[in-house]
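If you read the protein sequences in the order shown, they are chains A and B.
At the far end of the first sequence sits residue 368, using this note's numbering, and the numbering has no gaps.
At the far end of the second sequence sits residue 1271, using this note's numbering, and the numbering has no gaps.
Cβ coordinates follow ideal geometry from the N, Cα and C atoms, glycine included.
The model shown is predicted, which means the values in this text are computed figures rather than measured ones.
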Amino acid sequence: MEFKLEAHRIVSISLGKIYNSRVQRGGIKLHKNLLVSLVLRSARQVYLSDPCPGLYLAGPAGTPAPPPQQPGEPAAGPPAGWGEPPPPAARAAWPEPERPAVPDAPWVGGAEPTATVTGAADAPQGRAADAAEAAWGRVEGPREAAARGAGSPAGGSDAFPEAPQAARRPCACPSGGEDRRGAAAASPGADRRCAPPPSADESPAPPAVCPRKRGAAGVGGGPAGCPAPGSTPLKKPRRNLEEQPGREEDDGAEEMETGNVANLISIFGSSFSGLLRKSSGGGREEEEGEESGPEAAEPGQICCDKPVLRDMNPWSTAIVAF
Amino acid sequence: MGLSFLSKHLPMQEGQPQVQKTPADIISTVEFNHTGELLATGDKGGRVVIFQREPESKNAPHSQGEYDVYSTFQSHEPEFDYLKSLEIEEKINKIKWLPQQNAAHSLLSTNDKTIKLWKITERDKRPEGYNLKDEEGKLKDLSTVTSLQVPVLKPMDLMVEVSPRRVFANGHTYHINSISVNSDCETYMSADDLRINLWHLAVTDRSFNIVDIKPANMEDLTEVITASEFHPHHCNLFVYSSSKGSLRLCDMRAAALCDKHSKLFEEPEDPSNRSFFSEIISSVSDVKFSHSGRYMLTRDYLTVKVWDLNMEARPLETYQVHDYLRSKLCSLYENDCIFDKFECAWNGSDSVIMTGAYNNFFRMFDRNTKRDVTLEASRESSKPRAVLKPRRVCVGGKRRRDDISVDSLDFTKKILHTAWHPTENIIAIAATNNLYIFQDKVNSDMH
């Protein structure tokens, strides 16, 4: 039990570090973020290997990070919980673009959320190329909303148009950004690779873990809909983008329970207004797509209801800190 | 070793002692040149300060020369990468001296992205007696010139001039963590998290990539390069360390791209010590060849290890630097101390190794006697000629009078950068923004 608590605490600390790394001067440090992601992975494994289902915050009905996962499974078994929006689904989708069904499944009523997407999301959705970016954009959305101190729906919506556009840039870069081996010309520009612009760079990197988790927590449907299906093939270029230290966590992170951590992330983004509301999608305006019902990824609820969570210091500390 | 306190410097502040720590003054690298006459320090503000050892005074033949400031210059400035919208820090990550080949001294300094070659020259004479110009350089009235003279060189106050001779830019996508000059004195390498490039000192517009561990899919990334160094004698050999705790010795004769190592030095992990942070504490933060070229010294978070180039399976010797921190890894993770990158150093004869720790402590290990000592670099011990007193960290149990308990260690005072004179027992210790230089007066055994 203590291991679980410690693991939980370490996870929250790690996520905080990744989050903070995006604002550090000098750019994101690959080495440090890699180490943090390894710690995250270890903590997750410990957390999940402990047979104590009570602590499994049933996140989004088992987002199948690893393809074998059945969408409908409760998070009792391994992880599934943490699902991430594009990632788990999309990730499964990336290597095998021909499985759009998987991504849809986890987001029960995924169609609905899509339908309820706000106007902001429509724009990105319209462009397949941007759907992928939109996923990032969506992720970026809450942060930007938080940055603006926005608790209003407008804030969330605003975030999306920007982010996707910003995020779009990477794919526009020539994919031949890889430097040449051997006599690599170190001339100016020669080594300029397909580098993501700031916001896009930050969104994947800092918390490559965060956005994904949130997705599973139900962001899934989220604005911009389920980016995976339409955008699958386009995700590939982005994966080759440089300096996405957070990315390596995806592999491991995808199986993590999204439950509370995703909640924490969305809490970060929504300035905790979600904590107070009971309705699904709570105060997380930007997560309009957040479906109710099966997801039960109601941060407010979970955080308040689960006695364990209530007692866990790191969570309350994090919440208070915000 | 009866280390006496030789001198102490506050490089960035003239006059009054510093009470506040200016982030820009934090020393980020320390390096002696090949003779030990010069000592270069780089700081977070992109400045380089070079100290020169004063010649020993004839009046007091037993007193050793002290180090005084020789030159100060701004090596790197903060830059902005517009394409990535990233700021490039001006912090000097590493300085490496080139072997001296003429009257001038040269060194390489690097920040995260750009390496620069600086030439340091002295000017102590100047020509006087020009025919057309007077002393101030104004043109003379020709009517006053009645005879011709040959200008002569007259002595002047020593002036040290530093000029950038080469700028090696755009070679790295990731942050440069080390540079190393080859024994051939013509080439050098620079390493970032995923790649190592080979440069020729005279060519700035191209470099050769000799190691590339970037996976095709960044999601598969599991380890990064943390440090690298050329072999001191064999110009074809170099070693690089990884975040997984392994060392790879590569031979440039084997292939143009040295992704495949010639030797892999790795110690199997001790399963009983497994924790969440096992991977972090096994990451090698520094690797140094011995002067002999036979051994390598590595530093990870809790230990220093000596490796024999002929034995890949495990290190020859392992020394615990501060094992009492093993139970505190979680707190150290929280406050980011677990990511601190400590350096290590050999003495001139490869018999003693040194590394820094917290609370301004630094540790020395004698490989022959197996004795070790903990010393502190602090102002209290900075009275000139004072002999440093060994310190002890108590971990419970009996506590002696001057012991420090683990809980009262100051983790903000860390000694990350240390350097040992190439031949003599003089050490330079960087404690945040202070530089301490200690010298061994008496060549006695360590107590």
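Under the three-pair Cβ rule at 8 Å, the region 1116-1135 of chain B counts as touching the region 1040-1060 of chain B. At a Cβ-Cβ threshold of 8 Å, residue 1028(B) and residue 991(B) count as neighbours. When DSSP states are grouped into helix, strand and coil, residue 1024(B) belongs to the strand group. For residue 990(B), the enclosing beta strand (DSSP E) begins and ends at 976-992.
Put simply, the backbone Cα of residue 861(B) is about 5 Å away from that of residue 877(B). The alpha-carbon separation between residue 1199(B) and residue 1188(B) amounts to approximately 8 Å.
Under the DSSP assignment, residue 62(A) falls in the alpha helix (DSSP H) whose first and last residues are 48-67. Counting only Cβ-Cβ distances below 9 Å, residue 1149(B) has no contacts in chain A at all, with the closest Cβ about 16 Å away. Burial is judged here by how many other beta carbons sit within 10 angstroms of a residue's own beta carbon; residue 1040(B) has fewer than 16 and is exposed.
For residue 90(A), the enclosing alpha helix (DSSP H) stretches over residues 76-95.
No residue range can be given for residue 966(B), since it is assigned to no alpha helix (DSSP H) and is classified by DSSP as neither H nor E.
Chain B places no beta carbon closer than 8 Å to that of residue 51(A), leaving this residue out of the contacts. For the region 67-90 of chain A, the beta-carbon criterion of a distance under 7 Å to any beta-carbon of chain B is satisfied by 71, 72, 73, 75, 76, 77, 78, 80, 81, 84, 85, 88, 89. Counting other Cβ atoms within 10 Å of its Cβ, residue 55(A) reaches 16 or more and is therefore classed as buried. In this structure, residue 1245(B) sits near residue 856(B), with a CB-CB distance shorter than 8 Å. With a cutoff of 8 Å on beta-carbon distance, residue 917(B) and residue 936(B) are scored as near each other. Its Cα nearest to that of residue 942(B), the residue 928(B) stands out among 950(B), 953(B), 928(B), 949(B).
Close to residue 59(A), with beta-carbon spacing below 9 Å, are these residues of chain B in chain order: 1154, 1157, 1158. The C-beta distance from residue 1015(B) to residue 1037(B) rounds to 10 Å, too long to fall under 8 Å, and the pair is not in contact. Assignment of beta-bridge partners to residue 1015(B) by DSSP yields 1002(B), 1020(B). DSSP, reduced to helix, strand and coil, places residue 1159(B) outside both helices and strands of the structure shown, so it counts as coil. Look at residue 64(A): its C-beta is not under 8 Å from any C-beta on chain B. For a cut-off of 8 Å, the C-beta gap from residue 1136(B) to residue 1212(B) is around 37 Å, too long to register as a contact. DSSP, read as helix, strand or coil, puts residue 1035(B) in strand. Any Cβ of chain A closer than 8 Å to the Cβ of residue 1125(B) would place that residue at the interface, and such an atom is absent. In the three-state scheme derived from DSSP, where H, G and I count as helix and E and B as strand, residue 849(B) is classed as helix. When DSSP reads this structure, residue 1113(B) sits in a beta bridge with 1120(B). Remark: C-beta atoms of residue 1254(B) and residue 984(B) do not approach each other more closely than 8 Å. Contact between the region 1148-1163 of chain B and the region 1091-1101 of chain B is present, with at least three C-beta pairs closer than 8 Å.
Residues of the same chain with a CB within less than 8 Å of the CB of residue 867(B), apart from the 5 flanking positions on each side, are 835, 836, 848, 849, 850, 851, 852, 873, 915, 916, 1257 in chain order. Contact holds between the region 1173-1185 of chain B and the region 1233-1243 of chain B, because three or more Cβ pairs, one in each stretch, are under 8 Å apart. If you check each beta-carbon in the region 932-953 of chain B against every beta-carbon of chain A, the ones closer than 7 Å belong to 936.
Counting along the chain, the unbroken beta strand (DSSP E) around residue 1251(B) starts and ends at 1250-1255. Given a length threshold of 3 residues, each whole run of the beta strand (DSSP E) inside the region 1038-1074 of chain B is given here in chain order: 1049-1054, 1061-1066. The beta-carbon distance between residue 996(B) and residue 1021(B), rounded to whole angstroms, is 7 Å. This is short enough to meet the 8 Å contact definition.
In this model, residue 1108(B) and residue 1065(B) are separated by some 6 Å (Cα to Cα).
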